[in-house]
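Novice:
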Amino acid sequence: MESSNDKIQEVGKNIQEKAALVWSVADDLVGAFKPHEYGLVVLPMAVIKRFHDCLLPTHDKVLQTYEDVKELAVKDGFLKTASGYQFYNTSKFTFDLLVADPDNIEENFEDYLNGFSDNVQDILARMEFSAQVKRMVEGGLLYRVISDFNSDKGDFSPEKIAAVDMGYIFENLVQRFSESYNEEAGAHFTSRDVIYLMCDLLVAGDNNAFGDEGISKTVYDMTMGTSQMLTCMEERLKALDADADIDVFGQEFNPFTFGIAKADMLIRGGDPNNMQFGDTLSDDKFTGYQFDYVISNPPFGIPWKREEKEVTAEHKKGMAGRFAPGLPSKSDGQMLFMLNGLAKLKKTGRLAIIQNGSSLFTGDAGSGQSEIRRFLIENDWLDAIVQLPNDTFYNTGIATYVWIITKDKPEERTGKVQLIDASSCYTSRRKNIGNKRVDITTACRDLIVKIYGDYTDGTFKGVNENGNEIIVKSKVLDYVTLGYNKITVESPELDEEGNKVIKNKKPVADAKKRDTENVPLDEDIDAYFKREVLPYNPDAWVDKKKTKVGYEIPFTRTFYEYKQIEPADEIAKRIEAHEKSLMAKLHELFGEEKE
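Numbering follows the numbering used here, with no gaps: position 483 of the sequence shown is 479.
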């Protein structure tokens, strides 16, 4: 059986090469289309050709069935049975027949596209493919593009390319399309190694994964892209139980990646209605649904001003809505996706979601970000956070983290949060893919998952497939240590003679001298104030009405290791030696000039 490492490497070898061959069709588009528009043709054509090659063996059977049932009001079921898929095409044309009649290519191709079932028509409509066909006709390119896809490089038959491999190719094509648009760092793709890690963390900590009758799970991805996270999660659960009953659901806002996700679902025989198009934040297609697993890599650093009206309205619903705890800064909506995922969890559900570093600490006490962290932590739903190695993603090299959230913590993890620093647990790639320079290979993943399961403090070492050392650090914290009281310290306002200004028998606060202190949540405020403030400002007091509770995840501070500074006398000796050496060289230089 092919190992997960082999599959990871395929993304960089066979799959990338196949996608490159398909993308080379874009050479025919030069002139009529701008470089950033090539994907508008290549992606829909790749989807169409995959449908075509899947349907080809049953083409004649579908045509005969269509003749028999075309007068019936309900004929979909018969045609799907005849095709062997959840879709069909009743046109007499195939790509061979289209290429055989170049003089009528436009009319014949239109007939072919119109022959698809409604669920395929929906995909092509989302991609606005009819507009691109018109442009190809106007540029005299339609016949050439169809011919290219009918060549060896466009052979997408199931016998040649398995469903999961086709998913990789689609993913790679979308990546190329995205790069040609120069997408922002937040709109990146999740590499297969990261998805495997997220899947294994979800399953490893699931006390309800196995039942008497095997596995029956629902999985949801709120920003599904090409649906590869869902496909991987299904793979991992099927590996645990080949008879597992897995239903996947997803929502996507990009019409191209949505089309590919829905196409993939159709080809694999799943329910295409489980794939929904729309903006998850402003147009939730799964209201009222709850799932066993939620797995997602939402965009980060992307504003949510476009969805502000709907998001704010839902926030005002309180606990009846998805965004009750608070709203983050309008410049970054990633924590809104976290709240959406939380709202979609069953009482025994588990969520794995990728965030960048800002979700750990940005936002002062009382801010939306802090209140979201407070909501998760005080409800004891935050289980663990894993820091990934830098340069793990194709389009960004920044630090990223996997948050594991569950509503069903086991007793031994109650009241605690585990932080795992896996930033030094990776295998360097032989060949980079964009910004992706490292992989979380099997050895790396196994070490991380083991440490998550062992649930203990320490620094743990292993060896990767290249024989290099890998390191993972773990720290289990009481969740109360993540919180603090932000207190407001006031000082009197003095009159011109230096006396305290008194009003209603109380000193008046001087706003210019106002200060704040963050007091750890597990420490008494009065004791802290007496120890840390009064010795330096004996007339100060705390305005307790202004006290706010805040939470942050001190990831860097938790794993900071103090390095002994070199003694001063040793530093002085080195400086003195360096000065003597420098002066000797100067004397030597000037001495040579005098000669």
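Where is the CB? At the ideal position from N, CA and C, for every residue including glycine.
Note that the coordinates shown come from a computational prediction; the quantities given were computed from them, not determined experimentally.
Assuming the contact rule is C-beta atoms closer than 8 Å, E248 and P321 should be a hit. Round their C-beta distance to whole Å, please.
Specialist: That pair is no contact at about 25 Å.
Novice: Rounded to the nearest angstrom, how far is the Cβ of T219 from that of P98, given a contact under 8 Å?
Specialist: T219 to P98, Cβ: 42 Å. No contact.
Novice: One question on the structure: do N115 and A15 come within less than 7 Å of each other, judged by their Cβ atoms?
Specialist: No, the pair does not count as a contact, with Cβ atoms beyond the cut-off.
Novice: State buried or exposed for I119, treating a residue as buried only when at least 16 other CB atoms are found within 10 Å of its CB.
Specialist: Classification of I119: buried, given that the 10 Å Cβ count is 16 or more.
Novice: Comparing C-alpha positions only, which one of L517, N481 and D442 sits nearest to Y475?
Specialist: It is L517.
Novice: Where DSSP assigns a beta bridge to D23, which residues make up the other side?
Specialist: For D23, which the question treats as bridged, DSSP gives no partner whatsoever.
Novice: Which residue or residues does DSSP assign as beta-bridge partners of A69?
Specialist: None; A69 has no bridge partner.
Novice: Which first and last residues belong to the alpha helix (DSSP H) in which A158 is found?
Specialist: From DSSP, A158 is part of no alpha helix (DSSP H); its letter is neither H nor E.
Novice: By a C-beta neighbour count over all protein chains shown, 10 Å radius and 16 as the cutoff for buried, is P534 buried or exposed?
Specialist: Exposed, because fewer than 16 other Cβ atoms sit within 10 Å of the Cβ of P534.
Novice: Just list the beta strand (DSSP E) runs in the segment 524 to 556, keeping only unbroken ones of 3 residues or longer that don't cross its boundaries, in chain order.
Specialist: For the segment 524 to 556, whole beta strand (DSSP E) runs of length 3 or above, ordered along the chain, are 544 to 547.
Novice: Tell me where the alpha helix (DSSP H) around F282 begins and ends.
Specialist: That residue, F282, is in no alpha helix (DSSP H); it is neither H nor E in DSSP.
Novice: Exposed or buried, what is M41 when buried is set at 16 or more other beta-carbons lying within 10 Å of its beta-carbon?
Specialist: Looking at its Cβ environment, which holds 16 or more other Cβ atoms inside 10 Å, M41 is buried.
Novice: Buried or exposed: where does D189 fall if 16 or more other Cβ atoms within 10 Å of its Cβ makes it buried?
Specialist: Buried, since its Cβ has 16 or more Cβ neighbours within 10 Å.
Novice: Going by beta carbon distance, what residues of the same chain come within less than 6 Å of T344, once the five residues before and after it are set aside?
Specialist: For T344, where only same-chain residues beyond five positions count, the Cβ hits under 6 Å are N204 and D404.
Novice: Using CA coordinates, which residue listed in D360, E408, T396 and N352 is at the minimum distance from D379?
Specialist: Checked all of D360, E408, T396 and N352; the closest Cα to D379 is E408.
Novice: Reducing DSSP to helix, strand and coil, say where G210 ends up.
Specialist: It is a strand residue.
Novice: Let me know if I436 comes out buried or exposed under the rule of 16 or more other beta-carbons within 10 Å of its beta-carbon.
Specialist: By the 10 Å Cβ count, I436 comes out buried.
Novice: If we ignore side chains and look at the alpha-carbon of each, how far apart do T410 and N375 end up?
Specialist: Cα-Cα distance, rounded: 10 Å.
Novice: Checking 7 Å against the spacing of the C-beta atoms, do T455 and K469 come in under that value?
Specialist: Yes. Within cutoff.
Novice: Which first and last residues belong to the alpha helix (DSSP H) in which E367 is found?
Specialist: Note, E367: alpha helix (DSSP H), G364 to E374.
Novice: Which residue wins for smallest C-alpha separation from E461, given the options I447, G136, L473 and D442?
Specialist: E461 has its Cα closest to that of D442, out of I447, G136, L473 and D442.
Novice: Grab me the residues of P324's own chain with a C-beta within less than 6 Å of its C-beta, minus the 5 sequence neighbours each way, in chain order.
Specialist: Excluding residues within five positions, the ones whose Cβ falls inside 6 Å are M331, G364 and Q365.
Novice: Can you give me the C-alpha to C-alpha distance between K340 and I381, rounded to a whole angstrom?
Specialist: Spanning the two alpha carbons is a distance of roughly 20 Å.
Novice: My output table needs one value for V504: the three-state DSSP class, helix, strand or coil.
Specialist: Three-state DSSP puts V504 in coil, outside helix and strand.
Novice: Rounded to whole angstroms, what is the Cα-Cα separation between F273 and I521?
Specialist: Approximately 50 Å between the Cα atoms of the pair.
Novice: Between M261 and P268, what straight-line distance do the alpha-carbon atoms span, to the nearest angstrom?
Specialist: C-alpha separation (whole angstroms): 6 Å.
Novice: For I44, which of T61, V18 and L347 has the nearest alpha-carbon?
Specialist: The shortest Cα separation from I44 among T61, V18 and L347 belongs to V18.
Novice: For N203, name the three-state secondary structure that DSSP assigns.
Specialist: If DSSP states are grouped into helix, strand and coil, N203 belongs with coil.
Novice: Taking only three categories from DSSP, how would you classify T521?
Specialist: One point to set straight first is that residue 521 is Ile, not Thr, in the sequence displayed. Reduced to three states, the DSSP call for I521 is helix.
Novice: Name, in chain order, the residues that DSSP records as bridge partners for Q82.
Specialist: DSSP, once it has assigned bridges, lists no residue as partnering Q82.
Novice: How far does the alpha helix (DSSP H) with L332 in it reach, from first residue to last?
Specialist: Q330 to A339 is the span of the alpha helix (DSSP H), which, as asked, contains L332.
Novice: The beta strand (DSSP E) that contains I467, what's its start and end?
Specialist: It spans E465 to D474 - the beta strand (DSSP E) in which I467 sits, taken as one unbroken run.
Novice: Could you give the DSSP three-state label for L138: helix, strand or coil?
Specialist: Correct three-state label for L138: helix.
Novice: Roughly how many angstroms separate the alpha carbons of E6 and D450, rounded to a whole number?
Specialist: Here the model assigns E6 a pLDDT of 49, short of 50, so the residue's position is not dependable, and the following value carries that caveat. Cα to Cα, the separation comes out at about 32 Å.
Novice: Can you tell me which of the three DSSP states P269 falls into?
Specialist: Rather than Pro, the amino acid found at residue 269 in this sequence is Asn. N269 falls in the helix class under three-state DSSP.
Novice: Can you give the Cα-Cα distance for G359 and R370, rounded to whole angstroms?
Specialist: The straight-line gap from Cα to Cα measures roughly 12 Å.
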